[in-house]
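Note sheet for the following structure.
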Amino acid sequence: MPRIESRGRSRALQALYAWDVRGGDGALMPMARQVWDDLTVPVGEREFADRLLLWLAASLAEVDQGLSEVTNHWRLERLGAIERCVLRLAAAEFAQATTPPKVVIQEYVRLAERYGTARAATFVNGVLDAHARRVGALA
23 MPRIESRGRS RALQALYAWD VRGGDGALMP MARQVWDDLT VPVGEREFAD RLLLWLAASL
83 AEVDQGLSEV TNHWRLERLG AIERCVLRLA AAEFAQATTP PKVVIQEYVR LAERYGTARA
143 ATFVNGVLDA HARRVGALA
């Protein structure tokens with residue numbers, strides 16, 4: 023069984039995706055909590071996902087700006103919703119600096135592959151590596 027952090031990342035992705043595909047309208051956290059209530063998400067997973075999304079909701083413009091700097095030739099709004107959400111969550115986790123950067127990259131590449139495609143995972147891997155280097159998380 024995956025660790026609680028891995029399951030929490032999946033829950034954060036599910037909630038962020040639901041918010042994103044609705045156009046990003048309205049507050050993120052009420053949407054997230056509704057998704058988690060509907061899915062009967064356990065407390066530990068919800069707490070981990072909640073911390074990620076709270077930070078992301080407060081810093082979304084900064085995160086998007088930082089990601090835009092490393093997504094050469096791709097505007098975030100042109101990316102698929104899964105890729106965009108995965109990149110945003112990973113950037114939030116890099117910024118919190120509580121998880122080793124290589125683990126963050128590995129976890130989010132896995133999510134991109136699980137919920138997207140192998141091609142999406144390759145793209146996410148490249149962008150996250152570049153972003154991690156840009157913010158000083160990787161040497």
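The numbering of the sequence shown is the working numbering, which starts it at 23 and goes up by one.
Glycine is no exception: its CB is placed at the ideal position from the N, C-alpha and C atoms.
In this text the structure is predicted, and so the values were computed from the model without any measurement.
Would you grab the beta carbon distance between residue i and residue j for me? Rounded to a whole angstrom, and I think it's under 8 Å.
{"i": "L78", "j": "V85", "result": "6 Å"}
{"i": "A37", "j": "A71", "result": "7 Å"}
{"i": "R29", "j": "E67", "result": "5 Å"}
In chain order, what residues of the same chain have a beta carbon less than 8 Å from the beta carbon of residue i, not counting five sequence neighbours either side?
{"i": "R97", "result": "S90"}
{"i": "F145", "result": "E105 and A134"}
For the alpha helix (DSSP H) that contains residue i, what are its first and last residues?
{"i": "V149", "result": "A140 to R156"}
{"i": "V125", "result": "P123 to Y137"}
{"i": "L160", "result": "Looking at the DSSP string, L160 is not in any alpha helix (DSSP H), and its letter there is neither H nor E."}
{"i": "P52", "result": "L50 to L61"}
{"i": "V108", "result": "A103 to Q118"}
{"i": "R31", "result": "I26 to V43"}
Excluding the 5 residues flanking residue i on each side, which residues of the same chain have their C-beta closer than 6 Å to its C-beta?
{"i": "A112", "result": "V126, Y130 and L150"}
{"i": "E27", "result": "F70"}
Taking the alpha-carbon positions, what's the residue i to residue j distance?
{"i": "R132", "j": "N147", "result": "9 Å"}
{"i": "L82", "j": "R141", "result": "25 Å"}
{"i": "R44", "j": "N94", "result": "26 Å"}
{"i": "E69", "j": "R155", "result": "28 Å"}
{"i": "V65", "j": "A143", "result": "28 Å"}
Using a Cβ-Cβ cut-off of 7 Å (strictly less than) and excluding sequence neighbours within five positions of residue i, which residues of its own chain qualify?
{"i": "L74", "result": "A34, L111, A114 and E115"}
{"i": "A40", "result": "M53 and V57"}
{"i": "A159", "result": "F116 and P123"}
{"i": "D42", "result": "A103, R106 and C107"}
At least 3 beta-carbon pairs within less than 8 Å: the stretch 94-109 vs the stretch 48-63
no
Contact between the stretch 37-50 and the stretch 116-125 (3+ Cβ pairs under 8 Å):
In short, these stretches do not touch, since the Cβ pair count stays below three.
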